[in-house]
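Enquirer: Protein chains in written order, with the working numbering: chain U, 1 to 484; chain Z, 485 to 898; chain P, 899 to 1370. First, the structure itself, so that you have it in front of you.
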Amino acid sequence: MASAHPAIAELATVVGPDNILADPDELLVYECDGFPIAKGQPTAVVFPTTTEQVSQVIRTLVKHDLQIVPRGSGTGLAGGAVVYDGGVLVTTSRMTQIEKIDLPNRYAVVQAGVRNFALTEALAGSGYHYSPDPSSQRASTIGGNCSTNAGGINTLKHGVTTNHILGLEFVLPDGTIMHTRAGGVCDGVGPDLPALLCGSEGTFALITRIWCRIVPQPAHFRTFYAVYDSTFDACKTVTDVIAAGILPTSMEMMDGGMIEAVEAAFHFGFPTTAQALLLLEIDGIDQVLDQQMKEIVAIAESNHAKDIMSCSDPKKRAELWQARKKAFGAVGRISHSYCTQDACVPRSKLPEVMAEVGKLGDKFGLRITNVFHAGDGNIHPIMLFDEDDPQQVQNVLRLSEEVLEYCIEVGGTITGEHGVGVEKLHLMDKMFNPQTLDTFDRIKRAFDPKRRINDAKLIPSDKLHVELLTPVTNQPGGAVVTQV
Amino acid sequence: MTDTTIDNTTNTITNSDGLAELVTQCAASKTPIVDYGVAHTGLGFPPPDEHIQLAYRPDLNTTAGGVIEHYDRDMTVRAHAGATMRELRDALKTTRQFLPIDADDDLTLGEVVTHNVYGPMRVAYGSVRDLLLGLHYIDGQGRDIHVGGRTVKNVAGYDVTRFMVGSLGEFGLVHEATIRTYAIPEQATLIDLKLDDPGLFDRVLSQWMLTDAAPAALSMSNEPERWTAHLIYLGRSSACAVQRRSLETLIDQTEGVHLIGSTDGTFDRAQDELSARRVWRRGATTLVKLMVPPALTGAACGEIQTWGESNAPVTIEAMPAHGCIFTGGELSPHGARKLGDLANHICRAHFGQFAWHARPPVIPEAPKIAPFGPLQPDWPMMWRLKKAMDPKRLFNPGRFITTRSHPKENDANN
Amino acid sequence: MTTDTAPARKSVSGLGLTTGRGAPSDGEGANKPIVDLDPATYDRALACVHCGLCLPACPTYTQNGLEADSPRGRIYLMKGLADGKIEPTESVVEHLDLCLDCRACETACPSGVVYHELIEATREQLAGKRKRSLVDRFVEWVFYHVFPFPKRLKWAMWPARMIQKVGLWPTVVRSPLLRRALPEQINKMRDMLPPKGPMRVKNLREHYPAYKEGCVDGKPRATVALLTGCVGSVLFQHVNRQSVRLLQLAGCDVVVPRSQVCCGAIHHHGGRHKDAAGFARSNVDAFLDVTHREPDYIVNNIAGCGAMLKEYGHLLADDADHGPRAERLSERSRDIMQLLVELDLPRPKHRMERKVTYHDACHLAHAQKVVDAPRRLLQSIDGLELVPLRESDMCCGAAGTYNLAQPEMARDLAERKIKHIQSTGCRTCVTGNVGCAMQIQSEADRLGVELHVTHPVSLLYEAYFGDDPPPR
């Protein structure tokens, strides 16, 4: 339909004919990201290799009045890289240069398309690493991680993406190339612009280059695991450990349903009668870790933990983490369709939140299983359903909404690490008061007055309206776009 | 341009409603609201002559210690932005927690946030960006804006919370902050090292950070006659002992560094010691802060020291892990200007930035002194954001964001 | 882009949110799909939650960054074909053809998608529907009708060996005239041929008894049947002989069934499942001969063949006669490294002062999940330093006969591999697959990189037996 758009030839002269796709069959695979409910076909996909090309691409798109949608690896879980309104995807997957590694100053400069783990690989042997570790870290790009302020497993102690970003270079939706203060390397005077761009989900500008902090890679670990007869006790262990002044690297939890699924799929030897499993890790000075672990074990025991095991063996450690990382795949084996939610609550509220989430599941007649970052209070209820049953599908969406509303009520947030994208757009007014939403809108317009870049993501738009819940037949994909 | 001291007609307000009302009134009368804090009155362009001076303080009868809510089991505190660091420290102490920011006792939490205050403990705990979780502020239209929250992870909406860090109060009146707390360490081991030259950490810090000797706090200063580094280890006594031994091994292996002394004590004592080391800043008539790449801290300190030796004695206090240097003292107006020139020169050479915290008085024959330099590339964006968030330019107008275009004419004298 | 293992939601078609472009054609029976996948295989496509964790594992995506050249993208295309939403246009087929079928994505997939079944089924469907050039057809003919038959291959090799014998081989390899005259695929085949080899390849004997020192209480520990491979048996006969002797040392009676044939992998990966099933049946008869005692293990030293043997159960599942035996054959099939570790060989006698690096053959690491065993065996050699190889489990571009079908991508991948090998500082690269060995060696030679690619069996042999020649 749009294959003959005049912009295509122009874009091809900017990036070269090998760095653009416009064949409709090839565009099909770009109609969604890691959130496949939201779909929309781009007019073209361009693969710039330099910041200057990005700038020229954007100028060309402005000229042709086409939406600019930035994309990294397309592993986002909220539909942030879906193109509506016949826009063009600007993909960073060929901007993969690690431009500089400066060990004395402990930073690296990378192009936006460098994969998160590629930086850590490039640092192998130096003792340093790039710390944020989203589960997608081998696939997702650092640019994408910045755009969504990606979290991960080790964030409890070591922080999320925003804590590891020193500076950014970005291209504004009018083509202007800009970078944040002090060459990205050191502190400066004035407001923290990198922090504002981090987590803006590509709605301000297209991030092209990142100055990342690199930090010493923890060398000594102790890994702990225990099972419980109740999620309440496991959650309480989590808060008790933190309240005791111990800051583990990570504290991950699985509930009974999840343990069963993992066991059925991979046979790690977890007791399938358990209601909760806590996996915890501490890092630090080798000589004091054992003492710290003793205290953790005592806390766990006082919370009726069973089968407590703690170890310093790297092999056993790898095995336990394997179990955690494979959990999602295991769900796929017990239910064909499932929906993972992402919310964050104050971790002291975890016991009651877990109970309430279970109750809400019962209310809608849906099974919920959990595997989540307990230490951060970052819950990921996984709702199992049958996608051939329209009633169940509706129930899943309603259940999601009620879970999130409940999380807001107890002082939590609608997304801890996945982002808003288009998925949670409709919940923004429940999370924020109108004044705050208006502030977001004003900030958006400061960067992008004409709403040219990734419109209708993160905050509602007056130009595009994305509707996920009400299907309309004449639209391709799961979202409805209405021109206002 | 004159360096006016802050207006004496101070409005003390205790709650957000009061702030909102003030903003509405000032918007109507087009009167700017000024709050440069207590330790940053010399930072940035001076306020316009006609303004209302704001002092935001909690009513301590209703808000004990400035704490609105302490979620002690979550290790977070929601506090009144007018609470001072001393008040918060005392309030949190009851649960053996603390706010890991090195700031003078009399600074309010709001001042700490809007001026991005940090000190040597940043090595272990990070800066305000890493600790702050949520903010409430009154915007340019007198509206109460709530951003962030109380959870440690939160990606809902734009991160205006952290954007406000270091904003010099130009975007809104912060009235409440939610921030992470930490457990008070069992012990603090304070170690002083004598350095043969200030460049030691430029060379070794990245390696030292990989060892058990990685400190929780690190600073160095040009004490009379010698460069001294101050390291602090925090934690259990057993851990501190391991770290000290590891450090001693490193010292043995490294040239040009000698152990002066080491004391074990309480964390309270370490905090007092840290604040004692920065007392000089509050009294200095000339004070400039330089921010350079970390591994150039020592080199920059060396340059300043050499300058000082042939011009006027200056105090130098640096945080080598973060490339932050404070320097100044009692300088003549001319001497101070020269020091400013040097700071400008160093920062230009190394992609850094400097900011005056206490500027010399105006002298007729000398050119104007720009409060910051060099100008930063994201300047135009700052202007646009100011317009979005404070369209009537009510909050500390002209302190940092002066004009639409790059204010080249205001750039440092070079 | 964030964390927790990707899968957010599955595509919810039940919502009425049907997918794909050209929505109006979504109606019932509007398009008859060109590719008609059976429901079980189609289910495999549905199991993909589009999380993208497979992207970095995919060699082609890593090379060109195109979503359509990633496993997730290809699944999307195959689903599109099966749903009748897209046509097998040139570009679509190209993206599917470019897949190495290295199965690295299966290792990365958190949802357990069995990708290779999906791509192989789709290729089977597409196989009959495409036009090919004369050269392509010739190459294909060589693949399907020469390679799998050791006798034919021996004859085909004869002229080349003759030229090598009289010392003209370097001239032939370097001749720019000849290079220009011949199609790229043919040049590639010639380049991959090891520069020397016997004129006449002698067959292995049918039976080799276990060595006493490896036996327990004087009894062999196991009876092992050896798959000699087709290309392997001709070009890398010495590896087979060395394998036999190592197995004997490990206390195994080794049998080499005469009636064994090609494992069928070449056909299977090319979408010729019927042919592959024919080979599989013959091998089931050869290895699990109903008139003899069945061997305890069926061992091989070629990753691609090993992976294929492990597929037999699945391939012949519907075959009442061969099915159960095929299942057993798959279960008992072992890579030689795996088996030697299982049998717990004593430490080798000879010291080897050498620095080597190890390349994981896809069909060992991803298809058979054999990763530790070869490394453990190599590390058991005194004096040998095993240097870790970056991206060691990324395909080298050989991928069976892929390097002949997709020479460009294959060359790019080989260059990437060789760059990493060079950065280890090793002059020896060890790998457990004959295809990888030929690919890496020939590309290194082309690039003028000094490198010796060898099979772990050969190194082990040297460590155990020194210069002692392997048995005839």
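Note that beta-carbon positions come from the ideal geometry of N, C-alpha and C, so glycine has one too. This one's a predicted model, so the numbers in the text were calculated from it and none came from an experiment.
For V649 (chain Z), return the contacting residues in chain U, with the cut-off set at a CB-CB distance below 9 Å.
Expert: Result: P191, D192, A195.
Enquirer: Answer yes or no: do K637 (chain Z) and N154 (chain U) have a C-beta to C-beta separation smaller than 7 Å?
Expert: No, the Cβ-Cβ distance between K637 (chain Z) and N154 (chain U) is not below 7 Å.
Enquirer: Can you give the beta carbon distance from R452 (chain U) to V171 (chain U), rounded, assuming they're within the 8 Å contact cut?
Expert: That belief does not hold up - the Cβ atoms of R452 (chain U) and V171 (chain U) are roughly 12 Å apart, past 8 Å.
Enquirer: In whole angstroms, what is the alpha-carbon distance linking A300 (chain U) and V596 (chain Z)?
Expert: Roughly 38 Å separates the two Cα atoms.
Enquirer: Tell me whether E1018 (chain P) sits in a helix, a strand or coil according to DSSP, three-state version.
Expert: Helix at E1018 (chain P).
Enquirer: Could you check whether the Cβ of G927 (chain P) sits closer than 7 Å to any Cβ belonging to chain U?
Expert: With a pLDDT of 41 at G927 (chain P), under the threshold of 50, the predicted position of this residue should be treated as unreliable, and no value is reported.
Enquirer: Would you say T120 (chain U) lies against chain P (beta-carbon separation less than 7 Å)?
Expert: Cβ-Cβ to chain P under 7 Å: no for T120 (chain U).
Enquirer: Exposed or buried, what is G927 (chain P) when buried is set at 16 or more other beta-carbons lying within 10 Å of its beta-carbon?
Expert: In this predicted model, G927 (chain P) has a pLDDT of only 41, less than 50, meaning its place in the structure is not dependable enough to derive any value.
Enquirer: Give the interface partners of D696 (chain Z) over in chain U, defined as CB-CB distance under 7 Å, in chain order.
Expert: Near D696 (chain Z) (Cβ distances below 7 Å), the residues of chain U are I285.
Enquirer: With a threshold of 7 Å between beta carbons, is P36 (chain U) in contact with chain P?
Expert: Cβ-Cβ to chain P under 7 Å: yes for P36 (chain U).
Enquirer: Give me the chain P residues within the contact set of D23 (chain U), using Cβ-Cβ distance strictly less than 7 Å, ordered along the chain.
Expert: Near D23 (chain U) (Cβ distances below 7 Å), the residues of chain P are S989.
Enquirer: Determine, for D376 (chain U), whether the minimum Cβ-Cβ distance to residues of chain Z falls below 7 Å.
Expert: Closer than 7 Å to some Cβ of chain Z, the Cβ of D376 (chain U) qualifies, so yes.
Enquirer: Hey, quick one: how far does the beta strand (DSSP E) through T493 (chain U) stretch, first residue to last?
Expert: Coverage of chain U is limited to positions 1 through 484, which leaves residue 493 (chain U) absent and any answer about it impossible.
Enquirer: Would the beta-carbon of M487 (chain U) fall within 7 Å of that of T272 (chain U)?
Expert: This structure gives no information on residue 487 (chain U), because the portion of chain U shown stretches from 1 to 484.
Enquirer: Are the Cβ atoms of C311 (chain U) and G412 (chain U) separated by less than 7 Å?
Expert: Against a cut-off of 7 Å, the Cβ pair of G412 (chain U) and C311 (chain U) comes out as no contact.
Enquirer: Kindly indicate if chain U contains any beta-carbon less than 7 Å away from that of H1375 (chain P).
Expert: This structure cannot settle anything about residue 1375 (chain P), because the visible part of chain P is limited to 899 through 1370.
Enquirer: What residue from P:R1226, P:C1128, P:R1288 has the CA that sits closest to S1157 (chain P)'s CA?
Expert: It is P:C1128 whose Cα lies nearest to the Cα of S1157 (chain P).
Enquirer: Do D862 (chain Z) and L193 (chain U) have their beta-carbon atoms positioned less than 7 Å apart in this structure?
Expert: Contact flag set, yes.
Enquirer: Closer than 8 Å by beta-carbon distance: list the chain U residues that pair up with Y555 (chain Z), in chain order.
Expert: Chain U residues near Y555 (chain Z): P346, S348.
Enquirer: Is the shortest distance between the beta-carbon of I984 (chain P) and the beta-carbons of chain U less than 7 Å?
Expert: Output row for I984 (chain P): interface = yes.
Enquirer: Excluding the five sequence neighbours on either side, which residues of its own chain have a C-beta within less than 7 Å of the C-beta of L1282 (chain P), listed in chain order?
Expert: Excluding sequence neighbours, L1282 (chain P) sits near M1250, R1252, V1254, L1276.
Enquirer: Residues of chain Z with a CB under 8 Å from the CB of P216 (chain U): which are they?
Expert: Correct list: M693, L694, A698.
Enquirer: Report buried or exposed for K514 (chain Z), applying the criterion of at least 16 other Cβ atoms within 10 angstroms of its Cβ.
Expert: Result: exposed.
Enquirer: Between Y130 (chain U) and chain P, is the shortest Cβ-Cβ distance under 7 Å, so that the two count as touching?
Expert: No - not a single Cβ of chain P is within 7 Å of the one on Y130 (chain U).
Enquirer: In chain U, what lies closer than 7 Å to Y1391 (chain P) by C-beta?
Expert: In this structure chain P extends from 899 to 1370, so residue 1391 (chain P) is not present and cannot be described.
Enquirer: Quick one: which residues of the region 512 to 537 of chain Z get their C-beta closer than 9 Å to a C-beta of chain U? List them in chain order.
Expert: Answer in chain order: L527, G528.
Enquirer: Are the beta-carbon atoms of T770 (chain Z) and A842 (chain Z) separated by less than 7 Å?
Expert: Yes, the pair counts as a contact, with Cβ atoms nearer than the cut-off.
Enquirer: With three or more beta-carbon pairs closer than 8 Å as the criterion, would you say the region 140 to 147 of chain U touches the region 793 to 801 of chain Z?
Expert: No: the two stretches stay apart, fewer than three of their Cβ pairs being nearer than 8 Å.
Enquirer: Is D233 (chain U) buried or exposed, if buried means 16 or more other CB atoms sit within 10 Å of its CB?
Expert: Counting Cβ neighbours within 10 Å, D233 (chain U) comes out buried, since at least 16 surround it.
Enquirer: What residues from chain U crowd round Q789 (chain Z), counting only those whose CB sits closer than 7 Å?
Expert: Chain U residues near Q789 (chain Z): none, gap ~20 Å exceeds 7 Å.
Enquirer: Considering only their Cβ atoms, is the gap separating R1223 (chain P) from V1182 (chain P) smaller than 7 Å?
Expert: Yes, Cβ-Cβ distance for V1182 (chain P) and R1223 (chain P) is below 7 Å.
Enquirer: In three-state terms, what does DSSP make of D1258 (chain P)?
Expert: Coil at D1258 (chain P), not helix or strand.
Enquirer: For a quick check, are the C-beta atoms of V644 (chain Z) and V658 (chain Z) less than 7 Å apart?
Expert: Against a cut-off of 7 Å, the Cβ pair of V658 (chain Z) and V644 (chain Z) comes out as no contact.
Enquirer: At the level of alpha carbons, what is the spacing between N880 (chain Z) and A563 (chain Z)?
Expert: Those two C-alpha atoms are separated by around 23 Å.
Enquirer: Between V179 (chain U) and G167 (chain U), which are expected to be in contact by the criterion C-beta below 8 Å, what is the C-beta distance as a whole number of angstroms?
Expert: Checking the sequence, you will find His at residue 179 (chain U) rather than Val. H179 (chain U) to G167 (chain U), Cβ: 6 Å. Contact.
Enquirer: Pick helix, strand or coil for I214 (chain U), following the three-state DSSP scheme.
Expert: Coil.
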